[in-house]
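Novice: Okay, handing you the structure first.
Residue numbers (the working numbering): 18 to 352.
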């Protein structure tokens with residue numbers, strides 16, 4: 018019998034649009050001879066699957082099964098492709114843990130922790146060769162005095178962003194003090210981001226994004242890095258998703274020493290945070306020092322044909338079909 022896969026898409030945030038594109042691409046690449054794939058859409062209103070005949074079937078939430086034509090479909094694995102809540106912040110992972118259904122992402126604790134950029138940086142502080150920009154984490158009760166706190170502790174320019182957001186939603190580069198309050202308000206008011214704001218001093222350097230995953234043999238595989246060059250002030254939502262605004266170079270032009278160092282640091286990050294499945298780490302190489310500065314980790318990275326991970330998979334010499342098959346088999350083996 019083929020393995021039954023629930024390919025989960027949608028979500029509760031503005032990143033749902035990206036999730037639908039990711040799931041469409043992954044669905045097209047999965048080996049249908051090995052896997053019986055059911056697309057499951059999760060929204061605040063309902064969880065459902067649409068059959069080939071166009072009939073919407075609700076998911077039975079007590080055990081995450083479907084009843085189709087009198088038959089109960091019980092899944093072997095959940096392939097989570099929801100960016101943001103509830104698929105990237107640990108909520109869905111906790112639910113699957115309770116019903117004993119394996120899934121392709123990091124566990125509930127790691128997923129929840131890594132959605133909080135400030136907490137993640139705190140856990141990674143002492144990794145050799147990994148640096149962190151000076152930063153301030155602001156909570157909701159800091160809002161009234163947030164501007165004064167930032168100006169006392171940090172030097173311009175700043176990056177201001179929601180502490181628990183994704184896709185650079187609500188993020189602003191602040192070059193002058195007069196721009197700070199509007200940037201703080203934008204970050205605080207962003208949808209589903211926890212009412213916490215992270216402000217960081219800007220690092221001048223080259224920006225990279227690089228994937229790492231555990232294969233079905235249990236090996237940690239670091240994919241080739243992608244260098245990001247954008248015509249925007251920074252790699253914001255528009256730069257990520259509007260064609261022509263960004264140049265993405267895969268594999269990136271790095272020296273042997275830079276490749277070795279980034280691979281070593283990425284493996285340490287993966288292990289330190291107890292990651293599973295595929296994750297993507299974003300970082301700068303500072304121009305003056307060549308130091309590696311952590312930006313963030315993404316535990317459900319985008320999976321369109323143009324996304325970083327598929328680019329890097331191809332540069333590594335794998336097909337996307339082989340790659341997603343490795344993720345599935347590893348998730349079933351190391352559940």
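Think of the CB as a built atom: it goes at the ideal place given N, C-alpha and C, for glycine as much as any other residue. As the structure is a computational prediction, the values presented were derived from the model and not from experiment.
(1) Rounded to a whole number of angstroms, what is the C-alpha to C-alpha distance between residue 108 and residue 59?
(2) What does the Cβ neighbour count give for residue 320, buried or exposed, with the cut at 16 atoms within 10 Å?
(3) Excluding sequence positions up to five away, which residues of its chain have a Cβ less than 7 Å from the Cβ of residue 171?
(4) Looking at the unbroken beta strand (DSSP E) that takes in residue 175, where does it start and where does it end?
(5) Cα-Cα, which of 225, 290, 247 is closest to residue 275?
(6) For residue 284, name the three-state secondary structure that DSSP assigns.
(7) If you follow the alpha helix (DSSP H) that residue 114 is part of, which residue opens it and which one closes it?
(8) Classify residue 167 as helix, strand or coil using the three-state DSSP reduction.
(9) Express the C-alpha separation of residue 289 and residue 349 in angstroms, rounding to a whole number.
(10) Ignoring anything shorter than 3 residues or poking outside the region 75 to 99, list the beta strand (DSSP E) runs there in chain order.
(11) Hey, would you say residue 222 sits closer than 9 Å to residue 304, going by beta carbons?
(12) Alpha carbons only, please: which of 302, 266, 46 is nearest the one belonging to residue 345?
(13) So, residue 168 versus residue 197, is the Cβ gap smaller than 9 Å?
(14) State yes or no: is the C-beta of residue 329 within less than 9 Å of the C-beta of residue 240?
(15) What does the alpha-carbon distance come out to for the pair residue 264 and residue 127?
(16) Is it true that the CB of residue 284 sits closer than 9 Å to the CB of residue 121?
(17) Would you call residue 67 buried or exposed, if buried means 16 or more other Cβ atoms sit within 10 Å of its Cβ?
(18) If you scan the region 285 to 338 from start to end, which runs of the alpha helix (DSSP H) of 4 or more residues do you find wholly inside it?
(19) Run through DSSP, which three-state label would residue 152 get?
(20) May I ask which residues mark the beginning and end of the alpha helix (DSSP H) holding residue 199?
(21) Between residue 268 and the rest of its own chain, which residues show a CB-CB distance below 7 Å, the 5 nearest in sequence each way excluded?
(22) Would the region 23 to 34 count as touching the region 94 to 105 if we require 3 or more Cβ pairs under 8 Å?
(23) According to DSSP, simplified to helix, strand and coil, what is residue 253?
(24) Taking the C-alpha atoms as reference points, what is the distance between residue 334 and residue 327?
(25) Where does residue 29 sit, in a helix, a strand or coil, going by DSSP?
(26) Run the CB neighbour count on residue 140, radius 10 Å, all protein chains shown included, and call it buried at 16 or more, exposed below.
(27) Note the first and the last residue of the continuous beta strand (DSSP E) segment covering residue 353.
(28) Note down the Cα distance separating residue 201 from residue 131, rounded to an integer number of angstroms.
(29) By a C-beta neighbour count over all protein chains shown, 10 Å radius and 16 as the cutoff for buried, is residue 343 buried or exposed?
(30) With a threshold of 16 other CB atoms inside 10 Å of the CB of residue 106, please say whether the residue is buried or exposed.
(31) Taking the C-alpha atoms as reference points, what is the distance between residue 341 and residue 43?
Specialist: In this structure, then:
(1) 12 Å
(2) buried
(3) 151, 153, 216, 218
(4) 175 to 179
(5) 225
(6) helix
(7) 108 to 116
(8) helix
(9) 22 Å
(10) 82 to 85, 88 to 91, 94 to 97
(11) yes
(12) 46
(13) yes
(14) yes
(15) 31 Å
(16) no
(17) exposed
(18) 325 to 333
(19) strand
(20) 197 to 205
(21) 241, 242, 332
(22) yes
(23) Note that residue 253 has pLDDT 48, beneath the 50 cutoff, so the model's placement of it is unreliable and no number is given.
(24) 11 Å
(25) coil
(26) exposed
(27) Residue 353 lies beyond the range of the chain shown here (18 to 352); nothing can be said about it.
(28) 21 Å
(29) buried
(30) buried
(31) 8 Å
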